[in-house]
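Engineer: The structure follows.
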Amino acid sequence: MESMSSKREMELRNAAQAQGKPFDMTNVKEKLVQAEKPSISEFQSSLLADADVAKRIANALDTKNTANFVTLIQHCSGVVLTSGIGKSGIVAERLSASLASTGTPSHYVHAAEWTHGDLGRARNGDVAVFLSHSGNTKECVAAAQLLKDRGITVLSIVGKYDCGLRAWSDALINYGVAGTIQDSIGGAPTRSIVVQVSYIAQIYNIL
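The sequence shown begins at 46 in the working numbering and counts up one residue at a time.
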(Lines of atoms letter the chains of each structure in order from A; the text may use other names.)
(Lines give C-alpha, C1' and ligand atoms only; values in the text may rest on other atoms or scores of the structure.)
Protein backbone atom coordinates (compact mmCIF):
# COMPACT_ATOMS: atom_id res chain seq x y z
CA MET A 46 0.00 0.00 0.00
CA GLU A 47 1.37 3.39 -0.99
CA SER A 48 1.88 6.00 1.70
CA MET A 49 0.39 9.47 1.41
CA SER A 50 3.87 10.87 0.74
CA SER A 51 4.46 8.42 -2.15
CA LYS A 52 1.16 9.36 -3.77
CA ARG A 53 1.85 13.06 -3.32
CA GLU A 54 5.34 12.66 -4.77
CA MET A 55 3.87 10.96 -7.83
CA GLU A 56 1.33 13.76 -8.24
CA LEU A 57 4.06 16.38 -8.12
CA ARG A 58 6.23 14.42 -10.56
CA ASN A 59 3.35 14.04 -13.05
CA ALA A 60 2.46 17.72 -12.74
CA ALA A 61 6.05 18.73 -13.50
CA GLN A 62 6.17 16.42 -16.54
CA ALA A 63 2.86 17.78 -17.84
CA GLN A 64 4.33 21.29 -17.71
CA GLY A 65 7.54 20.15 -19.34
CA LYS A 66 9.54 21.06 -16.26
CA PRO A 67 12.22 18.98 -14.53
CA PHE A 68 11.13 17.44 -11.23
CA ASP A 69 13.36 18.75 -8.43
CA MET A 70 13.57 16.29 -5.52
CA THR A 71 15.48 18.76 -3.35
CA ASN A 72 13.78 18.89 0.05
CA VAL A 73 10.58 17.41 -1.42
CA LYS A 74 10.71 14.16 0.53
CA GLU A 75 11.58 15.93 3.76
CA LYS A 76 8.64 18.29 3.30
CA LEU A 77 6.30 15.40 2.54
CA VAL A 78 7.39 13.50 5.63
CA GLN A 79 6.91 16.60 7.75
CA ALA A 80 3.44 17.06 6.27
CA GLU A 81 2.49 13.52 7.29
CA LYS A 82 3.50 14.02 10.92
CA PRO A 83 0.68 14.81 13.35
CA SER A 84 0.58 18.43 14.39
CA ILE A 85 1.04 19.63 17.95
CA SER A 86 -2.68 20.36 18.10
CA GLU A 87 -3.43 16.70 17.19
CA PHE A 88 -0.95 15.61 19.85
CA GLN A 89 -2.69 17.77 22.45
CA SER A 90 -6.14 16.61 21.33
CA SER A 91 -5.05 13.01 21.71
CA LEU A 92 -3.85 13.63 25.27
CA LEU A 93 -7.10 15.36 26.14
CA ALA A 94 -9.04 12.43 24.69
CA ASP A 95 -7.00 10.05 26.88
CA ALA A 96 -7.91 12.12 29.92
CA ASP A 97 -11.57 12.21 28.87
CA VAL A 98 -11.70 8.41 28.59
CA ALA A 99 -10.16 8.01 32.05
CA LYS A 100 -12.75 10.42 33.45
CA ARG A 101 -15.62 8.57 31.80
CA ILE A 102 -14.29 5.26 33.14
CA ALA A 103 -14.14 6.67 36.68
CA ASN A 104 -17.69 8.00 36.47
CA ALA A 105 -19.05 4.71 35.11
CA LEU A 106 -17.05 2.43 37.41
CA ASP A 107 -18.85 -0.72 38.48
CA THR A 108 -17.87 -0.51 42.14
CA LYS A 109 -19.34 -3.89 43.09
CA ASN A 110 -17.40 -5.88 40.48
CA THR A 111 -14.25 -3.86 41.10
CA ALA A 112 -14.45 -4.44 44.87
CA ASN A 113 -14.96 -8.17 44.28
CA PHE A 114 -11.98 -8.20 41.88
CA VAL A 115 -9.68 -6.56 44.44
CA THR A 116 -10.96 -8.73 47.32
CA LEU A 117 -10.12 -11.93 45.44
CA ILE A 118 -6.54 -10.70 45.00
CA GLN A 119 -6.33 -9.66 48.64
CA HIS A 120 -7.43 -13.14 49.72
CA CYS A 121 -4.99 -14.90 47.39
CA SER A 122 -3.03 -17.39 49.49
CA GLY A 123 -0.66 -18.22 46.65
CA VAL A 124 0.74 -16.28 43.72
CA VAL A 125 -0.98 -13.77 41.45
CA LEU A 126 -0.30 -14.89 37.87
CA THR A 127 -0.84 -12.14 35.31
CA SER A 128 -1.22 -12.84 31.61
CA GLY A 129 -1.99 -11.32 28.24
CA ILE A 130 -0.72 -11.03 24.71
CA GLY A 131 0.47 -8.10 22.60
CA LYS A 132 0.28 -4.68 24.23
CA SER A 133 -2.14 -5.99 26.88
CA GLY A 134 0.52 -8.57 27.76
CA ILE A 135 3.03 -5.80 28.38
CA VAL A 136 0.57 -4.11 30.75
CA ALA A 137 -0.02 -7.47 32.47
CA GLU A 138 3.74 -7.86 32.90
CA ARG A 139 3.89 -4.41 34.48
CA LEU A 140 1.04 -5.36 36.83
CA SER A 141 2.98 -8.41 37.97
CA ALA A 142 6.17 -6.41 38.53
CA SER A 143 4.28 -3.79 40.54
CA LEU A 144 2.48 -6.37 42.68
CA ALA A 145 5.75 -8.14 43.43
CA SER A 146 7.48 -4.88 44.33
CA THR A 147 4.70 -4.00 46.79
CA GLY A 148 4.71 -7.34 48.61
CA THR A 149 2.24 -9.48 46.65
CA PRO A 150 3.94 -12.58 45.16
CA SER A 151 3.37 -12.45 41.41
CA HIS A 152 4.63 -13.82 38.10
CA TYR A 153 3.83 -12.94 34.50
CA VAL A 154 3.02 -15.70 31.99
CA HIS A 155 2.70 -14.93 28.29
CA ALA A 156 -0.77 -16.08 27.25
CA ALA A 157 0.57 -18.33 24.50
CA GLU A 158 2.82 -20.22 26.94
CA TRP A 159 0.10 -21.66 29.18
CA THR A 160 -0.51 -24.53 26.78
CA HIS A 161 3.21 -25.10 26.27
CA GLY A 162 4.10 -26.21 29.78
CA ASP A 163 3.36 -23.19 31.94
CA LEU A 164 0.11 -24.57 33.36
CA GLY A 165 2.42 -26.22 35.87
CA ARG A 166 3.05 -22.78 37.39
CA ALA A 167 -0.51 -22.64 38.74
CA ARG A 168 -1.19 -24.10 42.20
CA ASN A 169 -4.14 -24.20 44.56
CA GLY A 170 -4.63 -20.77 46.10
CA ASP A 171 -3.24 -18.89 43.09
CA VAL A 172 -5.13 -16.18 41.21
CA ALA A 173 -4.76 -15.61 37.46
CA VAL A 174 -5.42 -12.13 36.03
CA PHE A 175 -5.93 -11.78 32.26
CA LEU A 176 -5.79 -8.50 30.35
CA SER A 177 -7.39 -8.35 26.91
CA HIS A 178 -8.90 -5.34 25.17
CA SER A 179 -11.31 -7.47 23.14
CA GLY A 180 -11.80 -10.08 25.85
CA ASN A 181 -11.73 -12.64 23.06
CA THR A 182 -8.01 -13.22 22.57
CA LYS A 183 -7.99 -16.94 21.84
CA GLU A 184 -4.86 -17.69 23.86
CA CYS A 185 -6.29 -15.93 26.90
CA VAL A 186 -9.71 -17.58 26.64
CA ALA A 187 -8.20 -21.05 26.23
CA ALA A 188 -5.84 -20.55 29.17
CA ALA A 189 -8.60 -19.14 31.38
CA GLN A 190 -10.73 -22.22 30.73
CA LEU A 191 -7.85 -24.60 31.53
CA LEU A 192 -7.00 -22.72 34.73
CA LYS A 193 -10.62 -22.57 35.81
CA ASP A 194 -10.91 -26.33 35.31
CA ARG A 195 -7.91 -26.72 37.64
CA GLY A 196 -9.67 -24.73 40.38
CA ILE A 197 -7.68 -21.53 39.90
CA THR A 198 -9.46 -18.21 40.52
CA VAL A 199 -9.62 -16.32 37.22
CA LEU A 200 -9.94 -12.52 36.95
CA SER A 201 -10.13 -10.44 33.78
CA ILE A 202 -9.74 -6.82 32.73
CA VAL A 203 -11.39 -6.32 29.35
CA GLY A 204 -12.82 -3.62 27.09
CA LYS A 205 -15.99 -5.51 26.22
CA TYR A 206 -18.37 -7.22 28.65
CA ASP A 207 -19.85 -9.69 26.16
CA CYS A 208 -16.64 -11.62 25.53
CA GLY A 209 -15.11 -15.06 25.76
CA LEU A 210 -13.22 -14.40 29.00
CA ARG A 211 -16.43 -13.59 30.88
CA ALA A 212 -17.53 -17.24 30.90
CA TRP A 213 -14.39 -18.28 32.82
CA SER A 214 -13.92 -15.29 35.12
CA ASP A 215 -14.76 -15.18 38.83
CA ALA A 216 -14.65 -11.39 38.56
CA LEU A 217 -14.38 -9.16 35.51
CA ILE A 218 -13.62 -5.46 35.16
CA ASN A 219 -15.07 -4.02 31.97
CA TYR A 220 -13.66 -0.62 31.09
CA GLY A 221 -15.95 -0.56 28.05
CA VAL A 222 -18.75 0.66 30.36
CA ALA A 223 -17.80 4.20 29.41
CA GLY A 224 -18.57 3.59 25.74
CA THR A 225 -16.45 2.92 22.68
CA ILE A 226 -12.76 3.64 23.14
CA GLN A 227 -11.23 4.94 19.92
CA ASP A 228 -7.46 4.75 19.94
CA SER A 229 -5.39 7.78 19.12
CA ILE A 230 -3.68 9.04 15.99
CA GLY A 231 -1.64 6.53 14.00
CA GLY A 232 -3.67 3.51 15.07
CA ALA A 233 -1.44 2.69 18.05
CA PRO A 234 -3.51 1.28 20.97
CA THR A 235 -2.52 4.07 23.34
CA ARG A 236 -5.97 4.86 24.70
CA SER A 237 -6.83 1.30 25.72
CA ILE A 238 -3.38 0.99 27.30
CA VAL A 239 -3.91 4.23 29.25
CA VAL A 240 -7.13 2.79 30.67
CA GLN A 241 -5.58 -0.60 31.49
CA VAL A 242 -2.59 1.00 33.20
CA SER A 243 -4.88 3.32 35.17
CA TYR A 244 -6.84 0.32 36.44
CA ILE A 245 -3.84 -1.73 37.46
CA ALA A 246 -2.25 1.29 39.17
CA GLN A 247 -5.30 1.67 41.39
CA ILE A 248 -5.45 -2.08 42.06
CA TYR A 249 -1.96 -2.33 43.51
CA ASN A 250 -2.34 1.02 45.28
CA ILE A 251 -5.17 -0.34 47.43
CA LEU A 252 -3.75 -3.82 48.05
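By construction, the Cβ of each residue, glycine as well, lies at the ideal position given by its N, Cα and C atoms.
Owing to the predicted nature of the structure, the values given are computational and were not obtained by experimental measurement.
#1: Taking 8 Å as the threshold, find out whether the stretch 145-154 comes into contact with the stretch 119-135 through three or more Cβ pairs.
#2: Beta-carbon within less than 6 Å of A246's beta-carbon, same chain only, minus the 5 sequence neighbours each way: which residues are those?
#3: Spatial neighbours of E184 within its chain, please: CB distance less than 7 Å, with the 5 preceding and 5 following residues excluded, ordered by chain position.
#4: Who does V203 pair with in a DSSP beta bridge?
#5: By DSSP's criteria, V154 is part of a beta bridge. Which residues make up the other side?
#6: Buried or exposed: where does H178 fall if 16 or more other Cβ atoms within 10 Å of its Cβ makes it buried?
#7: Is DSSP giving T111 helix, strand or coil here?
#8: How big is the Cα-Cα spacing for R166 and K100?
#9: Starting from the C-beta of M55, find all residues in its chain whose C-beta is less than 7 Å away, skip the five residues before and the five after it, and write them out in chain order.
#10: On the three-state DSSP scale, how would you describe T116?
#11: Note down the Cα distance separating G196 from I218, rounded to an integer number of angstroms.
#12: Please list the terminal residues of the continuous alpha helix (DSSP H) segment that includes C185.
#13: Check the DSSP bridge columns for T198 and list the partner residues they point to.
Structural biologist: This is what the structure gives:
#1: Contact between the stretch 145-154 and the stretch 119-135 is present, because at least three Cβ pairs lie under 8 Å.
#2: Excluding residues within five positions, none has a Cβ falling inside 6 Å.
#3: I130, A156, A157
#4: Note: V203 sits in a beta bridge opposite S177, N219.
#5: Looking at the DSSP assignment, V154 forms a beta bridge with S128.
#6: Buried is the call here.
#7: helix
#8: If you take the alpha carbons of R166 and K100, they lie about 37 Å apart.
#9: none
#10: Three-state DSSP puts T116 in a helix.
#11: Roughly 20 Å separates the two Cα atoms.
#12: 183-194
#13: V172
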